[in-house]
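S.K.: Counting along the sequence shown from 1, when you hit position 32 you're at 32 in the numbering used here, and nothing is skipped either side.
Glycine included, C-beta positions come from ideal geometry on N, C-alpha and C.
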Amino acid sequence: MSDLQAAAPTPSGLHYRTVPVTAFAQNCSIVWCGDTRDAAIIDPGGDLDRLLAEVQRLGVQLKAIWLTHAHIDHAGGTAELAKRLGLPIIGPHPGDQFWIDGLPQQSQMFGFPPAGHFTPTRWLADGDTVQIGRCTLNVRHCPGHTPGHVVFHSPQAQRVFVGDVLFAGSIGRTDFPQGNHGQLLSSIRERLWPMGDDTVFIPGHGPESTLGEERRFNPYVRGQ
Ligand SMILES: [Zn+2]
Ligand SMILES: [Zn+2]
Numbered sequence: 001m002s003d004l005q006a007a008a009p010t011p012s013g014l015h016y017r018t019v020p021v022t023a024f025a026q027n028c029s030i031v032w033c034g035d036t037r038d039a040a041i042i043d044p045g046g047d048l049d050r051l052l053a054e055v056q057r058l059g060v061q062l063k064a065i066w067l068t069h070a071h072i073d074h075a076g077g078t079a080e081l082a083k084r085l086g087l088p089i090i091g092p093h094p095g096d097q098f099w100i101d102g103l104p105q106q107s108q109m110f111g112f113p114p115a116g117h118f119t120p121t122r123w124l125a126d127g128d129t130v131q132i133g134r135c136t137l138n139v140r141h142c143p144g145h146t147p148g149h150v151v152f153h154s155p156q157a158q159r160v161f162v163g164d165v166l167f168a169g170s171i172g173r174t175d176f177p178q179g180n181h182g183q184l185l186s187s188i189r190e191r192l193w194p195m196g197d198d199t200v201f202i203p204g205h206g207p208e209s210t211l212g213e214e215r216r217f218n219p220y221v222r223g224q
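1) So, for L81: in the same chain, excluding its five sequence neighbours on each side, which residues have a beta-carbon less than 7 Å away from its beta-carbon?
2) Are the segment 157-166 and the segment 119-133 touching, with three or more C-beta to C-beta distances below 8 Å?
3) Could I get the ranges of all uninterrupted beta strand (DSSP E) runs contained in the segment 99-183, with 3 residues as the minimum, in chain order?
4) Which one or two residues does DSSP pair with I188 in a beta bridge?
5) Please look up how many angstroms separate the CB atoms of S29 and I188, rounded, as I've assumed it's under 8 Å.
6) Are R84 and Q61 closer than 8 Å when you measure CB to CB?
7) State yes or no: is the C-beta of Q26 within less than 8 Å of the C-beta of H205?
8) Using CA coordinates, which residue listed in P147, P92, D73 is at the minimum distance from G182?
9) In chain order, what residues of the same chain lie with their CB nearer than 6 Å to the CB of Q106, ignoring the 5 residues before and after it?
10) Nearest CA to the CA of A23: which residue from F217, H74, D101?
11) Tell me, which residues are paired with Y16 by DSSP?
12) Using beta-carbon positions only, say whether N91 and L124 come within less than 8 Å of one another.
13) Tell me the start and end of each unbroken alpha helix (DSSP H) in the segment 26-74 that is at least 4 residues and wholly inside, in chain order.
14) Please tell me whether, using a cut-off of 7 Å, the distance from the CB of D43 to the nearest non-hydrogen atom of ligand 1 is below it.
15) Which residue from V200, G223, R134, D96 puts its Cα closest to that of S209?
16) Starting from the Cα of D175, find the closest Cα among F167, L184, A168 and give me that residue.
17) Considering just the uninterrupted stretch of the beta strand (DSSP E) at F201, what are its terminal residues?
18) Where do the ends of the alpha helix (DSSP H) carrying R216 lie?
Okay, structure coming up:
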């Protein structure tokens, strides 16, 4: 695609581009408002040069970093990106403080480039909203995979960015410290399903799917 095409105005509403980053192919999403072209980046786990090239190609203005949770593949590039561009760090929920504190050890353990420490500019809680341009997304607290995991939901666009809560055909691991399988199932049942069967979710890894598809066919949450 040429730069000219990429810079052409997009229709109103929320747009996004997902770029898999790190050795874990984590789906980092660049989301932007079609009216203002203000953008937020969800879960910049690493590969910052690739992400920033994509931001430039899209012709959008990065205004904030939004975090679903503080695992290394999702949050590893946060400190450096925030410092480089002077961006605020929004999220996750305070339950993930210990994962943020452990980022240096996480990067060592998984062979990632050293991850710097950061303090979120704004912690998130269930029921909060985040704003980018003229687009507002609802924040839901979905603990279980990590205690401070949040998701970002746009009812208008019928999209939800779910991190490692739910995947096409699977669910998040709960064998980490403070992981909780029952809590994860409750989060999915009580906070994701009410968003509606037609809502498309963008998971932290792998392909997109709809909530309805998973509610019917995902063996881990079918019938929940
Ligand atoms: Zn995770
Ligand atoms: Zn992940």
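M.R.: Taking the definition as stated:
1) On the sequence shown, position 81 is the one that residue 81 refers to. Taken in chain order, the residues that qualify are P44, L48, I65, L87.
2) no
3) 129-132, 135-141, 150-154, 159-163
4) The sequence position of residue 188 within the sequence shown is 188, counting from 1. Beta-bridge pairing links I188 to no other residue.
5) If you number the sequence shown from 1, residue 29 lands on position 29. If you number the sequence shown from 1, residue 188 lands on position 188. So it is not a contact: roughly 20 Å between Cβ atoms.
6) Numbered from its first residue, the sequence shown carries residue 84 at position 84. Numbered from its first residue, the sequence shown carries residue 61 at position 61. In this structure, Q61 does not lie closer than 8 Å to R84 by Cβ.
7) Within the sequence shown, numbered from 1, the residue matching residue 26 stands at position 26. Within the sequence shown, numbered from 1, the residue matching residue 205 stands at position 205. Cβ atoms of Q26 and H205: closer than 8 Å.
8) Working through the sequence shown from its first residue, we reach residue 182 at position 182. It is P147.
9) On the sequence shown, residue 106 is found 106 positions in, with the first residue counted as 1. Correct list, in chain order: I72.
10) Here the question's residue 23 lines up with position 23 in the sequence shown. Per the Cα distances, H74.
11) Counting from one through the sequence shown, the residue named residue 16 turns up at place 16. Partner(s): V31.
12) Here residue 91 refers to the residue found at position 91 of the sequence shown. Here residue 124 refers to the residue found at position 124 of the sequence shown. Before going on, a small fix: residue 91 reads as Gly here, not Asn. Against a cut-off of 8 Å, the Cβ pair of L124 and G91 comes out as a contact.
13) 48-58
14) Within the sequence shown, numbered from 1, the residue matching residue 43 stands at position 43. Incorrect: D43 has no Cβ contact closer than 7 Å to ligand 1.
15) The residue you call residue 209 lines up with position 209 of the sequence shown. Looking at the Cα atoms, V200 is the closest of the given residues.
16) In the sequence shown, counting from the first residue as 1, residue 175 sits at position 175. Considering only alpha carbons, the answer is L184.
17) Reading the sequence shown from its first residue, position 201 is the one you call residue 201. That run of the beta strand (DSSP E) goes 200-203.
18) In the sequence shown, the residue the question calls residue 216 occupies position 216. Per DSSP, R216 belongs to the alpha helix (DSSP H) from 211-217.
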